[in-house]
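Worksheet for the structure shown next.
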Amino acid sequence: SAVYESSRAVDEYLCFHYAPPEDVAPYPFFPASALAFPAEAASICAAHCPPPHRSRALDVGCAVGGASLHLCAHFDEVVGVDYSAAFVEAAQAMARDGEASYTLRRQGDASVSLTARAPVGGEERARARFLQGDACDLGAVEGQLGGAFDAVLASNLLCRLPRPAKFLAEVPRLVKQGGVLVLLSPYSWLEEYTPRDEWLGGVDGSDSSAVVAGVLQGQGLELVDKSDLPFVIREHERKFQYGVSECTVWRKA
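In the working numbering, the protein residues as written are 20 to 272.
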């Protein structure tokens, strides 16, 4: 979507992925558990890949790379893929420089300039590389990925894809035997992103969690963990997107 190529989207996601809690939501009543979403997603991947199974991780729909860089603290090599050229450029800058300037919107056109800082040092950041690619056509970038991965993370991606079923059909081949697919989604289906006939659940009384589980079990993956993970995306100092993603962990036998 062109939405994710805008400078405003890049700013909002640099805040989402890298800003300290006091910059995201400077209110004492905000739930702290919702303010570290990329770090939590990476920690879940690591928890299900005990050493020595931490060679390679893939972050599909990596946006500006926050979870990817957190994964660098746990894995020897991390590849982030996103459809948005603007997001990939921002992620590459964070990996290269360890920081990037962004605009934090206050109210209306009023804003303040801040600096996003990477959660890991230069040695760890060197483990990451970022590619532009289509999650619904992973075969087009498969040659650049260098093989299968111990962990594949798809965070808040599924319900922003035009063909989510195609993604779920293709992604298991990128998971090593014994590796995991970590899927997070709030199942927030919108026709702006996904044609209604491509929705996985959310129509005619069907439940997205059950539909997605059926698809992945049909691919031979085993559900090993299921939890809920809250997140907050700041739009301005008095408006926020608060969501709760279902997190499922699938092991490839």
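For each residue, glycine too, the CB sits at the ideal point set by N, CA and C.
Note on the stretch 105–145: whole alpha helix (DSSP H) runs with a minimum of 4 residues are 141–144, in chain order. Out of A184, L150, D169, the CA that lies nearest to the CA of G162 is found in L150. In this structure E143 is not in contact with C64, their Cβ atoms being roughly 15 Å apart against a cut-off of 8 Å.
Counting C-beta pairs with one atom in each stretch, the stretch 244–251 and the stretch 56–70 have three or more that are closer than 8 Å, which means they touch.
Assignment of beta-bridge partners to F250 by DSSP yields G262. A buried status is given to G85, since no fewer than 16 other beta-carbon atoms sit within 10 Å of its beta-carbon.
Taking every protein chain shown into account, the CB of Y261 has fewer than 16 other CB atoms within 10 angstroms, so this residue is exposed. Within the stretch 179–220, the complete beta strand (DSSP E) segments at least 3 residues long are 194–204, listed from N- to C-terminus. Less than 8 Å divides the Cβ of F94 from the Cβ of R75. The three-state secondary structure of G158, taken from DSSP, is helix. The alpha carbon of P138 has as its nearest neighbour, out of A188, E256, L33, the alpha carbon of L33.
Judged by DSSP secondary structure, S174 falls within the beta strand (DSSP E) whose first and last residues are 168–174. Per DSSP, the continuous beta strand (DSSP E) segment holding E96 begins and ends at 96–101.
D30 carries a helical assignment under DSSP once its states are collapsed to helix, strand and coil. In this structure, V171 keeps its C-beta atom at 8 Å or more from the C-beta atom of L133.
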